[in-house]
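Residues 176 to 386 (the working numbering) are what the sequence shown spells out, left to right. Working notes for the structure below.
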Amino acid sequence: MIPVPTKIDVFVDYVCPFCFLVEPAIQELRRERDVEVTIRPFELRPDPVPTLRPEDDYLPRVWRESVYPMAERVGVPVQLPSVSPQPRTEKAFMVLQLAQERGLGAAYTEAMFSAFFQDDRDIGLDEVIVDVATSVGLDRAEVEDALRSDERRQQQRADQDYAVRTVGIDAVPTVVVEGQVLRGVPSATRLKKVVDDLASRDSTPPDGTQS
């Protein structure tokens, strides 16, 4: 019997620092277990919900108390972006669809996080999205087409609706392992244990003996 990879959905928003900080755990999981990881979009503040401003009290406090300590623990250098107000991510997610079709979803996602949280770039701008996308190997003309595509915009809104109404996502990151929902930033150890427990359960016949 051919082993089937464990399906992992990782719901993220590109303006959520914790979604960037879960990346090392996801990468370790990819290296050490047979998993199929799919990045799924969840825009925290879709239009017309106002986005956050770094000059207000909330973001600096959260970064000081939670983001910077976690970033140091997982070894990912980050800085609070100065872009104000923070960008919307609908268009970046429209291009994620293209990246996934080309097998570049993970690389594109990592580059988008890096652009915002390490290079302080406005990832809501078309020219920045194009630059990030082409840096991981996507075709410029295809990226520009994706940004103008009404079909991709509708797909992004359907994906958002799926996250909210079907899966019940209300915050990110959220990792879903074969239907099991893990909220927040799980460690690689926890992720591997969930995958191993599922594999062990699936390999045990109904009578309880080991196959």
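All residues carry an ideal CB built from backbone N, CA and C; glycine is no exception. For clarity, every value in this text was computed on a predicted model and none was experimentally measured.
Contact check for L300 against P256 fails: the beta carbons are separated by 9 Å or more. Spatial neighbours of V370 in its own chain (CB-CB distance under 6 Å, excluding positions within 5 residues in sequence) are listed in chain order as T181 and R208.
A distance below 8 Å between beta-carbons, with the five flanking residues on each side excluded, links V303 to the following residues of its chain, in chain order: A290, R296 and D297. Exclusion of the five residues before and after D222 leaves R263 and E265 as the residues of its chain whose Cβ lies within less than 8 Å of its Cβ. Excluding residues up to 5 positions away in sequence, M269, Q272 and A321 lie with their Cβ nearer than 6 Å to the Cβ of R327 in the same chain. For D184, the pairing in a beta bridge is given by DSSP as T213 and V351. Distance from the CA of M287 to the CA of T364, rounded to the nearest whole angstrom, comes to 26 Å. CA-CA distance, V251 to D336, rounds to 31 Å.
Taking every protein chain shown into account, the CB of G354 has fewer than 16 other CB atoms within 10 angstroms, so this residue is exposed. Per DSSP, Y337 is not a residue of any alpha helix (DSSP H), being assigned neither H nor E.
In this structure, DSSP gives V369 a helical state, which the three-state scheme calls helix. Annotation note: the region 235 to 272 contains no uninterrupted beta strand (DSSP E) run of length 3 or greater. Relative to Q330, the option among A267, D231 and L219 whose CA is nearest is A267. Here R206 is exposed: its Cβ has fewer than 16 other Cβ atoms, across all protein chains shown, within 10 Å. For the pair C194 and P361, the CB atoms are not nearer than the 9 Å cut-off.
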